[in-house]
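Numbering (this note's numbering), first residue to last: 65 to 340. Presented below is the structure to which this report refers.
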Amino acid sequence: MMARLLRALGVYALLTAASLIMIGPLAVMLLGSLTPDEHVLASVGRLDFCPGELSLQNYADVFHRVPFWVYLRNSFLINAVIVLAGSVVNGFAGYALARLRWRGRKLLLGLVMALLIIPFEVIAVPLFFQLSFLGWRNTLLVQAAPFVAHPLAIYLFYTFFLGFPRELEEAARVDGAGVLRTFFQIVLPNSKPAFASVAIVTFLFCWGMYLWPLLMTTAENVRPLPLGIAGFHTLPPLAWGDILAFGVMMIAPVLLVFVLLQRWFVRGVATTGLGG
């Protein structure tokens, strides 16, 4: 009994330590964003935190120094296109690979699996020249289009639909429903956890993209948040409080999306293969 109690205490201690390590940087960033600039990193590597002097001035400075709302709007539009259009495209592709039988299906599935191990940086330069030739540079569309169809999302949908009960689809076909009607009326309503999980993973992956927007954009009015904070860091004067405030506002939408969809995400982990 004592050994089991000690083992449980050890596990909880490790989990608590891991949680503090993960939460620590977020807490420092939040505290720094509320601390006057003269107290942020007043000493080398140390935050001079003064609870009596907390203010939102750093956040006001961000909006005064850069067009933050433009960066935020661009990021939301880009990610909305990727997530919404990607849910349709990748959902259809995953369902077709898992349920339909057609010539070349195994070959295409193999290509999807192969693309999972190819880093985007490998194809970034050829894709840059291709889309530059089409005249798509300095647009929001060029930052979203290459990521609508994603091999990881297709694979996650594929693994989910493999375990989807066939009896529901067979009952719909007996009633005369075709493939599209079966998908929209039977499969889709019962696949909300999978779609929510893939949406969160896609959003997290694309929200912090830096390399591709850096290659394809030069105009400030089409920059997303990652490029915005990179440029903001180089603006004089160097104000760490303002930079930390920018960082807090950049990660806040990610936390909000996860909180809103966490119920579906937890349910989807067990069904889409995210759990390994």
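Where is the CB? At the ideal position from N, CA and C, for every residue including glycine. All of these numbers come straight from a predicted model, not from anything done at the bench.
Count the other CB atoms, across all protein chains shown, that sit within 10 Å of the CB of residue i; report buried if there are 16 or more and exposed otherwise.
i: Pro253; result: exposed
i: Pro290; result: buried
i: Leu195; result: buried
i: Thr99; result: buried
i: Phe197; result: exposed
i: Val251; result: buried
With the cut-off set at 9 Å, would you say residue i and residue j are in Cβ contact?
i: Ala309; j: Asp125; result: yes
i: Gly150; j: Phe211; result: yes
i: Ile142; j: Gln207; result: yes
i: Val147; j: Phe221; result: no
i: Val312; j: Ser97; result: yes
i: Val176; j: Ala188; result: no
i: Val130; j: Gly292; result: yes
i: Phe322; j: Ile264; result: yes
i: Glu233; j: Thr246; result: yes
i: Leu180; j: Leu216; result: yes
Using DSSP with H/G/I as helix, E/B as strand and the rest coil, what is residue i?
i: Arg68; result: helix
i: Trp133; result: helix
i: Asn202; result: coil
i: Gly227; result: coil
i: Ile182; result: coil
i: Val262; result: helix
i: Thr80; result: helix
i: Thr282; result: coil
i: Met314; result: helix
i: Ala303; result: coil
i: Leu341; result: Shown here, the chain extends from 65 to 340; a query on residue 341 therefore has no answer.
i: Thr99; result: coil
i: Val321; result: helix
i: Ala213; result: coil
Take residue i as the anchor and find which of the options has the nearest alpha-carbon.
i: Leu205; options: Leu180, Thr281, Glu234 and Val265; result: Thr281
i: Ile218; options: Val145, Asn122, Gly155 and Arg68; result: Gly155
i: Ser119; options: Asp101, Phe296 and Phe127; result: Asp101
i: Leu95; options: Asn122, Leu244 and Pro190; result: Asn122
i: Val104; options: Ile307, Val318, Leu319 and Met314; result: Ile307
i: Val318; options: Ala294, Cys270, His297 and Gly295; result: Cys270
i: Ser255; options: Pro229, Leu172, Gly242 and Val243; result: Pro229
Answer yes if the region 224–231 comes into contact with the region 158–166, meaning at least three C-beta pairs across the two stretches below 8 Å, and no otherwise.
yes
Between the region 320–328 and the region 257–271, do at least 3 Cβ pairs fall closer than 8 Å?
yes
Should the region 272–289 be regarded as contacting the region 134–149, the criterion being three or more beta carbon pairs within less than 8 Å?
yes
Counting beta carbon pairs with one atom in the region 275–284 and one in the region 77–97, are three or more of them shorter than 8 Å?
no
Mind the definition here: the region 201–215 touches the region 298–308 only if three or more C-beta pairs lie below 8 Å; say whether that holds.
no
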